[in-house]
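See below for the structure under consideration.
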Amino acid sequence: MPDQMSQRLIRGRDGVGLSRRFEASVSEPGDPVIAIVGSGDYSRSLAARLVASGYQVLVGSRNPKRSASLFPEETEVTTQKEAASQADLVFVAVFPEHYSTLVELKPTLAGKILVDVSNVLCIREAGPSCAEQLANLFPESFVVKGFNTVSAWALQIGPRDGSKQVFLCSDSASAKSAVMQLCRRMGFTPVDMGFLSSSLQIENLPLLLFPSWKMPVFCTISLFVFFYLYNFVLDVLHPLITAGKSAFYRMPVDTVNITFPCVALVLLSLVYMPGVLAAFLQLHRGTKYNPFPNWLDLWLTRRKQLGLCSFLCAALHAVYSLCLPMRKSAKYKLLNAAFKQVKAGVEDSWVDEEVWRMELYLSAGIIALGLLALLAVTSLPSVANSVNWREFSFIQSSLGYCALTLATLHTLLFGWNRAFDPAHYHFYLPPTFMLVLILPVSVLLGRLALLLPCVALKLKRIRRGWERSRHIRFTLPGDDDCVNGLEDISQV
117 MPDQMSQRLI
127 RGRDGVGLSR
137 RFEASVSEPG
147 DPVIAIVGSG
157 DYSRSLAARL
167 VASGYQVLVG
177 SRNPKRSASL
187 FPEETEVTTQ
197 KEAASQADLV
207 FVAVFPEHYS
217 TLVELKPTLA
227 GKILVDVSNV
237 LCIREAGPSC
247 AEQLANLFPE
257 SFVVKGFNTV
267 SAWALQIGPR
277 DGSKQVFLCS
287 DSASAKSAVM
297 QLCRRMGFTP
307 VDMGFLSSSL
317 QIENLPLLLF
327 PSWKMPVFCT
337 ISLFVFFYLY
347 NFVLDVLHPL
357 ITAGKSAFYR
367 MPVDTVNITF
377 PCVALVLLSL
387 VYMPGVLAAF
397 LQLHRGTKYN
407 PFPNWLDLWL
417 TRRKQLGLCS
427 FLCAALHAVY
437 SLCLPMRKSA
447 KYKLLNAAFK
457 QVKAGVEDSW
467 VDEEVWRMEL
477 YLSAGIIALG
487 LLALLAVTSL
497 PSVANSVNWR
507 EFSFIQSSLG
517 YCALTLATLH
527 TLLFGWNRAF
537 DPAHYHFYLP
547 PTFMLVLILP
557 VSVLLGRLAL
567 LLPCVALKLK
577 RIRRGWERSR
587 HIRFTLPGDD
597 DCVNGLEDIS
607 QV
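So for the sequence shown, my numbering puts the first residue at 117; every next one is plus one.
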């Protein structure tokens, strides 16, 4: 049986308006009568979704005759006063600046639930919010803020293709509970945001542009600029100054291709470094109950975004690498090398060391990219929700460290013995790969230190509640001195 909530909405009256047909559920006895004050685009989508969910819907319009043809035929389009008088729950779908036109409905709306779906035009740091303004105009009604983060398109397509979460807040627990029940029946997931004072935060949500991505994107761009300029100095500027040779042709592809893996590896290290720092901080403090510094808390919450940025840079590096042989410069270099080899009478230029280095270098890079792709896919909510916590932590932690190790090995194989060759220290600057390796090697060494039995056992006890300052004798289940698997906390 096809899922009704996944079907697109709907037919209008006399063939006018929305064109997709749906079968409305029959309203059950005891269901609240829903009114929508306002007849705009959002009202039409909301009415269609409510009718599809089995509710009796009335639409209050200033011009019912003109608006009637735009709504589903199962809805009743009437005046605002008549719709409000017959309804148990009223959606206020008018612009905030028009709230004052509804004051004449104050006696009619007294004691009823008002759902404010309005949004603001710009982010506001201070109130009152639109919902609070509505509550001041109708003090005898129960105002609930919600549905402003759900677009008209999401209402038409259905919650499976749009945003499923509906943020709600109200000073009335019973009114908020009624709207939550309505949300679930419509196929959405209600999120309780507390009292009406949170409405300003909810109204700002649709205007926020990737708030959790600002720091990761800034780090990505900053690292790219730094490593690009560093590679430019070593590979383009140095031959120009020392030998008068122009290598500017390397800037669009070659220099970019060298820069992307540098950024990817550093970003991947930044994903796992805060966890290592947090573990050492807990060991130093001897407790898990002291909060982390704000900067570390922020860093920990941005690991997913940093990992996705790392995967993007690694994927771009793979694409650029595949395109390298297509360049004219690569073809000219190959012809020149072949000509020089023939001129020198060299029949076999095979070098076992270089062959093995390249084979291992490519293999490590490909496997690292595959693991990084797995990490990126598992971080998606739809995939993360399909695995349990142990599976998720195994992928993100154990396989994540494997990816970091292989990516570090990939870089080491790329560098090989160049770190010991003075010819690669242009302007007395170390090769790029040496700078890149500082962070991942530090993270891996820190992780190895945490895996030492004496350190790991102490950290495990701390994370299970042991505190050094309380002088508690604490044993883990399975320890030799553990009795029946119980923890001895008698010596306080």
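Glycine residues also receive a C-beta, built at the ideal position from the N, C-alpha and C atoms. Only a predicted model underlies this, so the values are computations on that prediction, with no experimental measurement involved.
For T194, the beta-bridge partners assigned by DSSP are G176. Between the region 205–213 and the region 182–191, the count of C-beta pairs closer than 8 Å stays below three; the two stretches do not touch.
A direct Cα-to-Cα measurement between K449 and V471 gives close to 19 Å.
Taking the Cα of L250 as reference, the smallest distance to any Cα among P569, L221, W582 is reached at L221. Around E192, the same chain offers L174 as residues with beta carbons nearer than 6 Å, after the five sequence neighbours per side are excluded. Taking all protein chains shown into account, T358 has fewer than 16 neighbouring C-beta atoms within 10 Å of its C-beta and is therefore exposed. Straight-line spacing of the CA atoms in S314 and L383 works out to 35 Å. The continuous alpha helix (DSSP H) containing T494 extends over residues 468–494. Under the three-state reduction of DSSP output, L284 falls in the strand class.
M309 is positioned such that its CB atom lies no closer than 8 Å to that of L339. Between the region 459–471 and the region 508–523, the count of C-beta pairs closer than 8 Å stays below three; the two stretches do not touch. Note on Q196: 16 or more other CB atoms within 10 angstroms of its CB, so buried under the neighbour-count rule. The beta carbon of P306 sits closer than 6 Å to those of V282, L284, M296, C299, all from its chain and outside the five residues before and after it, given in chain order.
In the structure shown, I273 falls within a helical segment according to DSSP collapsed to helix, strand and coil. Your pair F408 and A430 does not check out as a contact, with CB atoms roughly 29 Å apart and the cut at 8 Å. In the structure shown, I152 adopts extended strand secondary structure according to DSSP, grouped into three states. Here DSSP, grouped into helix, strand and coil, assigns D351 to helix.
Following the DSSP letters along the chain, one finds T524 inside the alpha helix (DSSP H) bounded by residues 516–531.
Annotation for V233: Y158, L162, F207, V208, A209, G262, F263, N264 place their beta carbon closer than 8 Å to its own, counting only its chain and skipping 5 residues before and after. Contact between V392 and V559 holds, with the beta-carbon distance rounding to 6 Å and staying under 8 Å. Per the DSSP secondary-structure output, V208 pairs in a beta bridge with V153, D232. Pairwise C-beta distances place the region 487–495 out of contact with the region 525–539, as fewer than three of them are shorter than 8 Å. With distances taken between CA atoms, N347 lies nearest to A363 out of V333, P332, A363, C335.
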